[in-house]
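So the sequences go chain by chain: A and B. Residue numbers are given in UniProt numbering: position 233 of the first sequence equals residue 233, and the series is strictly consecutive. Residue numbers are given in UniProt numbering: position 50 of the second sequence equals residue 50, and the series is strictly consecutive. Glycine residues also receive a C-beta, built at the ideal position from the N, C-alpha and C atoms. Take a look at the structure set out below.
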Amino acid sequence: MRSRQAQVGQTANELAAGKRPRMSGIARKEAIAGYIAISPWLLGFLIFQLAPILAAFYISSTEWRILSAPEFIGVRNFDKLLFKDDLFWQSIKVTVIYVIFRVPVSAVLSLALALLMNQQLAGRRLFRTIYYLPAVIPLVAVSMMWIWIFNPEYGVLNSFIRLFGVEGPQWIHSSRWALPALIIMSLWQVGTGMVIFLAGLQGIPAHLYEAATIDGANTWQRFLKVTLPMLSPVVLFALVMNVIGSFQIFTQAYIMTAGGPGNATLFLVLYIYRNAFEWFHMGYASALAWVLFVVVLVISLIMLRSSEHWVHYEGRIGGA
Amino acid sequence: MKLRRRETVSLQLVTALGAAALLFPFLWMISASLQTLQEVEAFPPIWIPEVPQWTNYVEAVVNYNIGRALLNSAIVTTVSVVGQLTVCSLGAYAFSRLRFPGRDAIFLLFLATMMIPHYVTIIPLYTMVWSAGLIDTYTALIFPGLFSPFGTFLLRQFFNQIPISLDEATLIDGGNHWHIYLYVIMPLSRAGLGALGIFSFLGIWNTLFWPVLVINSKELFTLPLALAMAQGQFITLIHIQMAGSVIACVPVILVFLMLQKQFISSIALSGMKQ
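As C-alpha cells, this is what we get:
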C-alpha cells in the first residue's frame with residue numbers, strides 16, 4: 001500500500017508536469033469505499049444536525065407560531081428576553097441556583113465515595129454497584145419515586161423527620177422548598193461522578209504515595225499533596241460535564257413540580273419547552289435556547305481558563 | 001494507602017450506612033408497588049405489605065398501558081442502538097481509515113457543530129418531523145437518534161488506536177476495505193462499541209423529552225412517556241405508578257448487572273449521562 005508521502009510525491013510530480021492530480025486505481029477504490037461508508041452518517045449529519053443548527057439561527061430571529069409562516073424580526077426576541085421577560089430571569093435564577101448548589105456538593109460527595117471505594121473494604125464491588133445503581137435507572141422512574149418520598153403527609157421523608165418530633169416542610173409543594181428538594185434528589189445520583197473519580201484514583205501511581213510516606217507525610221498530607229493534584233484533571237472534566245448536564249435539568253421539573261409552585265422550579269429548559277411546545281413561540285424559544293448555549297459555553301470556558309491555576313498536568317515542569 | 005484497623009472498621013460502617021440510605025428509595029418503591037392503596041397511604045408508612053399485591057403489576061401492564069409501552073421501548077431502543085452502532089462505526093471507519101477528497105473538511109465541520117447541544121436543534125427538528133407528517137410514528141422516535149455525533153467521534157478515537165499495518169496486511173492478502181471494516185476494525189473495537197452501545201441504550205431507554213414532543217397516541221408511548229402520563233392522569237394510584245416504575249427500571253438494572261464492567265468503563269469514557 002502506498003504511504004501518504006508517496007501519494008504527496010506523486011501529486012507533486014503530476015503538478016510539476018502540469019497535469020491535474022489524478023487518482024490511481026487503488027486510491028480511487030479507497031475513496032469510493034470512503035464515500036459509501038460515510039454516506040449514511042453524512043446524510044444524517046446534514047439533515048439532523050447541520051440543517052437544524054442553521055435553521056435554529058434563522059428561527060431565533062423570527063416570530064413564528066408554527067401554523068403561519070415565520071416573520072423576520074431581527075434581534076427583537078433577544079431584546080425581549082433580556083429586558084422585558086421576568087419569567088426568563090426567573091428561569092435563569094432558578095437554574096443557576098440549582099447548578100451552584102448541586103455541582104460542588106455532588107463533586108465533594110462523589111469524591112468522598114470514590115476515596116471510600118478505593119480502600120480495601122469488604123464487599124467493595126457490591127457497594128460500588130449499590131452506589132452506582134441510582135445513576136442508571138430512568139429519570140422518570142426516579143422522579144415518580146421521589147414525588148412520594150417527598151409527600152408531606154405520608155411520605156417516608158417527613159415520617160422520618162416526625163420521629164424527632166418536628167413537622168417536615170411541604171417539599172415539592174412549597175415554593176420555598178421545591179428547589180432544595182430537587183437538589184437533594186439530584187444528590188441521590190452521585191454514582192456517575194464516583195465512577196469517574198474512581199477511574200482517576202486508580203490511575204495514580206503507587207510510588208508517589210510511597211515516596212510521600214518515606215518523606216513523612218501523613219494520610220491528610222498525602223491526600224492534599226498527591227491525590228488532589230494528580231486527580232485535578234479528572235476533577236476539572238467531571239465539573240465541566242456536571243455543569244453542562246445540570247444546566248439542562250428538565251425531566252424532574254416536568255414531572256414532579258411542573259415548574260411550580262409559583263415558578264420556583266421553572267428551569268430554563270422547561271421554559272424553552274413551554275415557549276416552543278405549549279405556547280408555540282418557536283422563534284422566542286429558539287432565542288432562549290441560544291442564550292442557554294452561550295451561558296453554558298461561557299461558564300465552561302471560564303472553568304477551563306481558571307484550571308490553569310489549579311489543575312496539575314503530569315509532565316509539565318513547575319506546576320501552574 | 002494502608003489504614004489502621006479502627007479506621008477500616010469505621011470506614012466500612014460509613015460505607016454500609018451510605019449504601020443503606022441510597023437503597024432506601026428503591027426499597028420503598030418496590031414495597032409500595034406491592035401494597036394496596038390503603039397501605040401506601042398509611043401513616044406511619046408500612047414497609048412490608050400484609051399480602052403482596054402482585055396484581056398491581058398485572059393492572060399496570062394491562063389496564064394502564066405499561067405493557068404496550070414496554071414493547072415500544074424495547075423496539076425503539078433495540079433498533080436505535082443497532083442502527084446507531086452501524087451508522088456511527090461506518091462513519092468512524094471512513095474518518096479514521098479511508099482517504100477521500102473532502103474528508104478533512106467534513107470532519108472539521110462536524111467538530112465545529114459538536115458543541116451545539118440538543119435543545120438548540122430540537123425546535124427545528126420538531127418542525128421538520130411535524131411538516132413531514134411524521135408525528136406519532138416509530139420513525140420520528142428512531143430516526144433522529146441514529147446519527148449520534150458523539151458516537152462517531154468516540155468510535156473514531158478507538159479506531160485510530162488500531163495499527164494501520166493490520167489494514168495493509170488485509171489488502172496484501174487480497175481483501176478489500178469492507179473486509180478490513182468487518183474482520184479487523186470491528187472485532188478489535190469491542191470495548192468501544194460496547195461503551196457506545198451501553199451509552200446509547202441508557203440514553204434512549206430513559207429519555208422523555210423527545211417522545212413527549214413527537215408522540216400523542218397511547219399506542220406509541222415509550223415507558224418514560226407512559227409513566228409521565230400516568231403521573232398526570234392517575235395521580236392518586238401510587239401503587240400502580242410504582243409498579244410501572246419498577247417495570248421501567250428492571251431491564252436497565254438487569255443489563256447493568258450483566259455488563260457492569262463495560263458500564264463503568266463507558267461512563268468513565270464518556271463522563272456523562274443524559
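C-alpha of L70 of chain B to C-alpha of R305 of chain A: approximately 46 Å in a straight line. Uninterrupted alpha helix (DSSP H) stretches at least 4 residues long and entirely within the region 17 to 52 of chain B occur at 37 to 40, given in chain order. With respect to chain B, the C-beta atom of E30 of chain A has a partner C-beta closer than 7 Å. At a cut-off of 7 Å between C-beta atoms, V184 of chain B does not count as an interface residue with respect to chain A. The C-alpha of M186 of chain B lies about 35 Å from the C-alpha of A206 of chain A.
Under a criterion of Cβ atoms nearer than 8 Å, the residues of chain B adjacent to L139 of chain A are, in order, N206, L208, P224, Q274. Going by beta carbons, G283 of chain A and W64 of chain A fall inside the 7 Å limit. Between V87 of chain B and P52 of chain A, the C-beta spacing is not below 7 Å. Chain order gives no chain A residues near L13 of chain B, where near means a beta carbon separation below 7 Å; the closest approach is about 10 Å. Not flagged as an interface residue toward chain B: W220 of chain A, since no C-beta distance is shorter than 7 Å.
At a beta-carbon threshold of 7 Å, the residues of chain A lying near E41 of chain B are Y154, ordered along the chain. Taking a contact to require three or more Cβ pairs closer than 8 Å, the region 145 to 163 of chain A and the region 51 to 70 of chain B do not qualify as touching. Contact annotation, T227 of chain A with I204 of chain A: C-beta distance approximately 7 Å; criterion of less than 8 Å satisfied.
L50, A51, P52, I53, A55, A56, I59, I66: these are the residues of the region 50 to 72 of chain A whose beta carbon lies less than 8 Å from some beta carbon of chain B, given in chain order. When DSSP assignments are scanned along the region 110 to 197 of chain A, the uninterrupted stretches of alpha helix (DSSP H) that are 4 or more residues long and fall wholly within it turn out to be 124 to 136, 139 to 149, 156 to 162, 178 to 187.
According to the DSSP assignment, N242 of chain A belongs to the alpha helix (DSSP H) that extends over 228 to 247. Taking 7 Å as the cut-off, the Cβ atoms of L139 of chain A and T265 of chain A do not count as close. Judged by DSSP secondary structure, V81 of chain B falls within the alpha helix (DSSP H) whose first and last residues are 66 to 97. The beta carbon of M230 of chain A is closer than 6 Å to those of I204 in its chain, skipping five residues each way along the sequence.
Contact annotation: the region 165 to 174 of chain A does not touch the region 126 to 142 of chain A, with fewer than three C-beta pairs closer than 8 Å.
The C-beta of W47 of chain B comes no closer than 7 Å to any C-beta of chain A. Spatial neighbours of L146 of chain B in its own chain (CB-CB distance under 8 Å, excluding positions within 5 residues in sequence) are listed in chain order as S80, G83, Q84, V87. Under the 7 Å criterion on CB atoms, A264 of chain A is classed as non-interfacial with respect to chain B. The C-beta of M229 of chain B comes no closer than 7 Å to any C-beta of chain A. In the displayed model, F72 of chain A falls within a strand according to three-state DSSP.
Excluding sequence positions up to five before and after V14 of chain B, its CB lies less than 7 Å from no other CB in the same chain.
In the structure shown, the three-state DSSP call for T95 of chain A is helix. What I255 of chain A touches in chain B, judged by beta-carbon distance under 7 Å, is A228, Q231, going in chain order.
Linking L50 of chain A to Q202 of chain A through their CA atoms gives a straight-line distance of about 39 Å. Contact between the region 139 to 159 of chain B and the region 84 to 98 of chain A is absent: fewer than three C-beta pairs spanning the two stretches fall below 8 Å. Listed along chain A are A141, M144, M145, each with a C-beta nearer than 7 Å to that of S245 of chain B. Interface flag for G203 of chain B against chain A is unset, since no Cβ pair is found closer than 7 Å. Chain-ordered listing is empty here: chain B has no CB closer than 9 Å to the CB of L187 of chain A, the nearest sitting near 10 Å. For I142 of chain B, the nearest beta carbon of chain A is not closer than 7 Å to its own beta carbon.
Annotation: Cβ neighbours of F293 of chain A in chain B (cutoff 7 Å, chain order): I116, P117, V120.
Any Cβ of chain B closer than 7 Å to the Cβ of M282 of chain A would place that residue at the interface, and such an atom is present.
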